[in-house]
Each structure stands twice: as structure tokens, then as C-alpha cells.
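Working notes for the structure below.
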Amino acid sequence: MTAPVFLDVDGTSIAVRRAAGAEPGIVWLGGYKSDMLGTKAEKLAEWASGQGRAFLRHDYSGHGESGGAFADGTVSNWLSQSLAVFRHFTHGRQILVGSSMGAWIALRMVQELHTPDENRIAGLVLLAPAPDFTAELVEPALTKAQKRDLAKKGFFEEPSDYSAEPYIYTRALIEDGRNNRVLTGPIDTHCPVHILQGLADADVPPSHALKLVGLLPADDVTLSLIPDGDHRLSRPQDLDMLVRAVDAMVRQAG
30 MTAPVFLDVD
40 GTSIAVRRAA
50 GAEPGIVWLG
60 GYKSDMLGTK
70 AEKLAEWASG
80 QGRAFLRHDY
90 SGHGESGGAF
100 ADGTVSNWLS
110 QSLAVFRHFT
120 HGRQILVGSS
130 MGAWIALRMV
140 QELHTPDENR
150 IAGLVLLAPA
160 PDFTAELVEP
170 ALTKAQKRDL
180 AKKGFFEEPS
190 DYSAEPYIYT
200 RALIEDGRNN
210 RVLTGPIDTH
220 CPVHILQGLA
230 DADVPPSHAL
240 KLVGLLPADD
250 VTLSLIPDGD
260 HRLSRPQDLD
270 MLVRAVDAMV
280 RQAG
């Protein structure tokens, strides 16, 4: 495992791993509380290496090897870090691969990068996409106790199925999430989109992916539903499907 390099973004040290190679390159965007050495990112890194294709990944602040506290993070912060890494380390056309919250970051990046100078996104592959999850999934389900904690302490904790550490949801994260919503009207990605969604996803319901598909009227969209797939989509067959989707997107972009 190569050591990461670090990029200073607004005073926070962001850990980055980059492999040079052919375009379009692949840019991995992980989920909430996930790091860049997770199963899916590692599988894609291995595939990209075998293809001689450029591959870029990073840890958001408060995640993995990056600096900063997790509880200080917001979608705006993580978006600005992702844009800084993208601008600093990539050249030419790129395919964004976003998992869960990373799909939200990817959709926001497309909006921010759609300028004559920066229009380099060749495609999106979104796994169990969770755009607007704070407003659409977290806020409607808040209990009285959680609302009380948010008001008094500024955060609430929830046990995680994926780690011993609880998930922390802060008032700042939820308030900032409202300012980054993308599911409020038609979304123009200006590139093809492939969504992979497990029908056994207990964290982000399949209806959320269908809502996203319904808001992508102008672009070429493929939706692959995995009947027994959960939110992580990390089983061998899920990883194979991810690689096939990214490989197909590369060929489509080429």
C-alpha cells in the first residue's frame, strides 16, 4: 500500500491516493463515515491498475487518513475538498464514481464544474445513491429525543451497523444539507449516468434511487436493481457489477 499524499484545503490536510494512467480517469467518492481504503474503492483501484487507467481517491476531513474532526464536517466542506482534489490532481475527462453520500457529492460536483473551463465529467456511476439524505431520510425520521439532542447538544448519535463507533449527525450537517439539495427539480448532469441500487437496502430505500432517476430527464440513465443487494454492495458479485458498470462507462465515454 502506497502512502497517501496530502493536500491542504482551507487549513485541513486531505489524504489523497492517485495513480496516473489513461483517460478518462476514475475518481472515487466514498460515503458518510467511509474511507478510501474500503472494499469497493480497493476493487476499483485494482481494476484501474490492471487497465492502466488513472484512478484518484481521497478521504474527506474527519475520515480515514485526513485531518479534521468528523463532527465538524458538512456536505459543503466535503464538496469543497472533493473539488480541490479534483482540480489539483486530474487532467482531461473523468468519470465520477460515488457511493451513498459520495453520489450526492458527485451530483453537486457536476453542478459546480459545468463551466466552459471545467466541463470535464464524462460520466457518473452512482452506488446506492443518497443525495439529500439529511433532508429526505434523516430529518423526517427524527425522534423527539433526537430533536431534543440536536437542539440542546447540537448533535445526536446513532449506533452503526458498519463500525463500533456510532454515527454522529450534527445540527450543522443537517442545516448545511438543506443548502445542497439536488432533488428539488430536474437535474442536468450533461453526461451518462449509471445507478446501482440494492432492493434489500435498509439504509437508503430503492424509492430514493427511483426518485433520482425521475429527475434525470435529459441524460442517458441506466438503473441496475440488485434484488438481494444491501446498502454496502460489497459482495463479490456486487463488486463485479461495479467494475462492469465502470468499464462500460469508460467505453461509452471513449
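When we follow this note's numbering, the leftmost residue of the sequence shown carries the number 30, and every step to the right adds one.
Note that CB positions come from ideal geometry on N, CA and C, so glycine has one too.
These numbers come from a predicted model, not from an experiment.
In angstroms with no decimal places, state the Cα-to-Cα distance between D161 and G206.
7 Å
Which of helix, strand or coil does DSSP assign to T103?
coil
Is the region 118–130 close to the region 48–59, with three or more CB pairs under 8 Å?
yes
Run through the region 51–101 for me and flag every whole beta strand (DSSP E) of 3 or more residues, listed as ranges in chain order.
51–58, 82–87
Locate the beta strand (DSSP E) running through V34, then write down its first and last residues.
34–38
Taking all protein chains shown into account, do 16 or more other C-beta atoms lie within 10 angstroms of the C-beta of R280, making it buried, or fewer, making it exposed?
exposed
By Cβ distance, which residues of its chain are closer than 6 Å to I255, with the 5 residues on each side in sequence left out?
G227
Can the beta-carbon of D248 be found less than 8 Å from the beta-carbon of T218?
yes
Classify P33: buried if its beta carbon has 16 or more other beta carbons within 10 angstroms, exposed otherwise.
buried
Based on the DSSP output, what are the partners of H223 in its beta bridges?
V154, T251
Please go through the same chain and pick out, in chain order, the residues whose beta-carbon is closer than 8 Å to the beta-carbon of Y196, but skip the five residues on each side of it.
Y61, K62, E186, E187, P188, S189
If you draw a straight line from the alpha carbon of S42 to that of G67, how long is it in whole angstroms?
20 Å
Per-residue DSSP class, three states only, for G183:
coil
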